[in-house]
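One structure is given here, and the rest of the page talks about it.
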């Protein structure tokens, strides 16, 4: 017998949560340090444009947020609405992909 | 001592799931327990009132019910401690089917103990070397914290996750599994970790700690479940689950 899907999702949510905790701190500290003395959106984009380190950081950030949030939404749907089974997994999977695509398109705007 | 001037209005659930509250006015006796009060109503007012009890001294765990909205042992709950504005409300334990009045069907509760492998597994082979377990053994101490449960169902009734997810094994069964996971003489640790990490397993716990808040023995099933989560996660990462 293999570990259940909910146990795997629970572990993925915990690991993505740890990642998000770290990334949120890095993001906030970077923002606070960067805006000292004022900065325009143009200047900000000049810094991030072509910066692959920023691109990689925010890509992982966006995917972790999409995965973490989708798994949480699945639990809410099960416990609050009583929605279970394959249809829920398909919809949540689609929602996770949608969030990832939206997040990555924002990263694309920042870096490319 | 009966104070003739004071009475208490007791609303008691009557009937099955589709029942309703009935109100009884009885003398307020400060040192009476809720169980004494129920016995008094059954003997003097309504012999058809059903409720469950056995030991009357907090050892058997059979008299638990919802007293003013919280699960309690009625044999260890004094009327004066819980009465509010001379009113009391007694209901069957939530999260379990009502049989009649204050009696619930505990079958699901005990089935989940079995589902969580809440029984000692001695292994198939003859024991050649007996594992010594000293009182200060770290695992023995963890098992000690969980082992005094008497299956009253208060934690199960108080659990929000059980209310939202009928498949969830619940705090009592998982607490029992935790005591066995820490037993060096048990031979089914991985099977038990699998059993408690299924779809209704330990990972469903929201860590609200209602089980801890409501346990009459002050056991901490939330802590036991956190221990199971950690052990199951480590086993899964090592590919053993």
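Residue numbers (our numbering), protein chains in the order written: chain Y, 1 to 112; chain A, 1001 to 1241. Using N, Cα and C, we set each Cβ at its ideal position, and we do this for glycine too. Treat the numbers as computed from the prediction; the structure is a model and nothing was measured.
The three-state secondary structure of residue 12/Y, taken from DSSP, is helix. In chain order, 4 make up the part of chain Y whose C-beta sits under 7 Å from the C-beta of residue 1198/A.
For the 8 Å CB-CB criterion, residue 66/Y and residue 100/Y form a contact. Secondary structure remark: continuous alpha helix (DSSP H) runs of at least 4 residues inside the stretch 1161–1196 of chain A, in chain order: 1171–1181 and 1189–1195. Cβ-Cβ separation between residue 1010/A and residue 1028/A: approximately 10 Å, too far for a contact (criterion under 8 Å). Residue pairing of residue 1107/A in beta bridges, as defined by DSSP: absent, with no partner found. In chain order, 6, 7 and 10 make up the part of chain Y whose C-beta sits under 7 Å from the C-beta of residue 1203/A. Interface residue (Cβ-Cβ distance to chain A less than 8 Å): residue 79/Y is classified as such. The C-beta distance from residue 1101/A to residue 1014/A rounds to 6 Å, short enough to meet the 8 Å contact threshold. Secondary-structure assignment with DSSP links residue 1088/A through a beta bridge to 1010/A. Excluding residues up to 5 positions away in sequence, 23 lie with their Cβ nearer than 6 Å to the Cβ of residue 61/Y in the same chain. The continuous stretches of alpha helix (DSSP H) do not include residue 1023/A, which lies in the beta strand (DSSP E) extending over residues 1020–1027.
The continuous beta strand (DSSP E) containing residue 1064/A extends over residues 1064–1067. Taking all protein chains in view, the Cβ of residue 1186/A is crowded by 16 or more other Cβ atoms within 10 Å, so the residue is classified as buried. In the DSSP assignment, residue 111/Y falls within the alpha helix (DSSP H) that extends over 86–111.
Following the DSSP letters along the chain, one finds residue 1221/A inside the alpha helix (DSSP H) bounded by residues 1221–1237. In this structure, DSSP gives residue 83/Y a state outside helix and strand, which the three-state scheme calls coil.
In this structure, residue 1079/A lies away from residue 1005/A, with their beta-carbon atoms at least 8 Å apart. Segment contact: the stretch 1202–1214 of chain A against the stretch 1129–1149 of chain A, fewer than three CB-CB distances shorter than 8 Å; contact not assigned.
Put simply, the backbone Cα of residue 1182/A is about 31 Å away from that of residue 1076/A. By the C-beta density criterion, residue 1220/A is buried, having at least 16 other C-beta atoms within 10 angstroms.
By the rule that beta-carbons nearer than 8 Å mark a contact, residue 1236/A touches chain Y.
Residue 1095/A has a beta carbon lying at 8 Å or more from every beta carbon in chain Y. Listed by position along chain Y, the residues whose Cβ is nearer than 9 Å to that of residue 1157/A form an empty set, because the closest Cβ is around 17 Å away. Excluding residues up to 5 positions away in sequence, 1220 and 1222 lie with their Cβ nearer than 6 Å to the Cβ of residue 1212/A in the same chain.
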